[in-house]
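Position one of the sequence shown corresponds to residue 1 (full-length UniProt numbering), numbered consecutively onward.
Here a beta-carbon is modelled for each residue, glycine too, at the ideal position from N, C-alpha and C.
Model, not experiment: these values are computed from the prediction.
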Amino acid sequence: MSWLGPDGWTAVLLSLKVSFWAVFLSLPFSIAIAWILARKDFVGKQVVNGLVHLPLILPPVVTGYILLMILGRNAPVGAFLEQYLGIVVAFRWTGAAVAAAVMAFPLTVRAIRLAIEAVNPGLEDAASTLGASRVRVFFTITLPLIVPGIIAGVVMGFAKAMGEFGATITFVSAIPGRTQTLPSAIYGQLQVPGGEDLALRLVLVSVVVAMAALVVSEVVSRRVARRIAGQ
Numbered sequence: 001m002s003w004l005g006p007d008g009w010t011a012v013l014l015s016l017k018v019s020f021w022a023v024f025l026s027l028p029f030s031i032a033i034a035w036i037l038a039r040k041d042f043v044g045k046q047v048v049n050g051l052v053h054l055p056l057i058l059p060p061v062v063t064g065y066i067l068l069m070i071l072g073r074n075a076p077v078g079a080f081l082e083q084y085l086g087i088v089v090a091f092r093w094t095g096a097a098v099a100a101a102v103m104a105f106p107l108t109v110r111a112i113r114l115a116i117e118a119v120n121p122g123l124e125d126a127a128s129t130l131g132a133s134r135v136r137v138f139f140t141i142t143l144p145l146i147v148p149g150i151i152a153g154v155v156m157g158f159a160k161a162m163g164e165f166g167a168t169i170t171f172v173s174a175i176p177g178r179t180q181t182l183p184s185a186i187y188g189q190l191q192v193p194g195g196e197d198l199a200l201r202l203v204l205v206s207v208v209v210a211m212a213a214l215v216v217s218e219v220v221s222r223r224v225a226r227r228i229a230g231q
């Protein structure tokens, strides 16, 4: 434990928790939006696509400021959530998860959308002609075929959430033990005389976690792809 110290390990564990919940809670929305963008044509589709990818284009600090203006305790939505539901996300770890989810959302959606577009629509049409509902077609035909794409999207989203800094520090600050994630802990150590050693150790941890996630994703994706091909 002394290699990183209590504060270092707290930041690492908090980053893992934030990244997990950011991806887990946003995944159903990512799949739904990816399917709509891949399979539906409607007025305003490019606007929706642009909004989905907006966090990739905007400076992360701007995204964090927008979240603060919407979900802050004195903001309309934030005040409503606190008053009627008792939910507060600004300057809490849950707010860090929200910021990470917003920043990771475009990458997850894009990976899943590409996987859906690679599925032959004829397979879905054939199932529909046999009487299967759209929901059943999705869960029995489309979803199994896009599992590798979902895994890729989850890993990219997780990695993005682990590395998110600008939006997070703007929305929830960097309170040690509460909202200080791995990137903000590294930044904080670089501002302290003699903190370079701990910052380097935290960097090594972030690299190891990212590489481990990529390796696991590759192994799982290959196994799923082989299983699907065998069927």
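Residue range of the alpha helix (DSSP H) that includes residue i
i	result
G131	That residue, G131, is in no alpha helix (DSSP H); it is neither H nor E in DSSP.
N49	45–57
T142	It is not in any alpha helix (DSSP H) - T142 carries neither H nor E in the DSSP assignment.
L85	Note, L85: premise wrong, no alpha helix (DSSP H); not H, not E.
A22	5–39
I116	93–118
S184	182–190
A167	166–172
I70	60–71
Same chain only: Cβ atoms within 8 Å of residue i, ignoring 5 sequence neighbours per side
i	result
L107	L56, G153, M156, G157, K160
M1	The predicted model places M1 with a pLDDT of 49, which falls under 50 and marks its position as unreliable, so this point remains unresolved.
G5	L198
W3	R201
Closest by C-alpha distance to residue i, when choosing among the options
i	options	result
R39	P121, F91, V77, A126	P121
T168	V137, V89, T142, A115	V89
G64	A79, L85, G95, T170	T170
M103	A22, L198, A127, R223	A22
R73	R92, V62, V61	R92
L54	S128, V220, I146, F105	F105
L68	P144, G95, A185, R223	G95
R226	L214, M211, P144	P144
Same chain, Cβ closer than 6 Å to residue i, five either side skipped, listed in chain order
i	result
G177	T10
S15	M162, T181, L182
V219	none
L190	A199
A75	M69
Contact under 8 Å by Cβ, residue i with residue j
i	j	result
V109	S30	yes
V77	I87	no
A100	V172	no
G149	L114	yes
A97	V18	yes
I33	V52	yes
N49	L37	yes
V205	V47	no
I146	I175	no
I116	S221	no
I186	V207	no
Close Cβ partners of residue i (< 7 Å) along its chain, the five nearest in sequence each way excluded
i	result
E124	V137, I141, T142
Near the ligand FAD: residue i beta-carbon under 7 Å from a heavy atom
i	result
F29	The ligand FAD is not part of the structure shown, which contains no ligands of any sort.
Min CB distance residue i to chain B below 8 Å
i	result
T94	Absence of chain B from the displayed structure is noted, only one protein chain being present.
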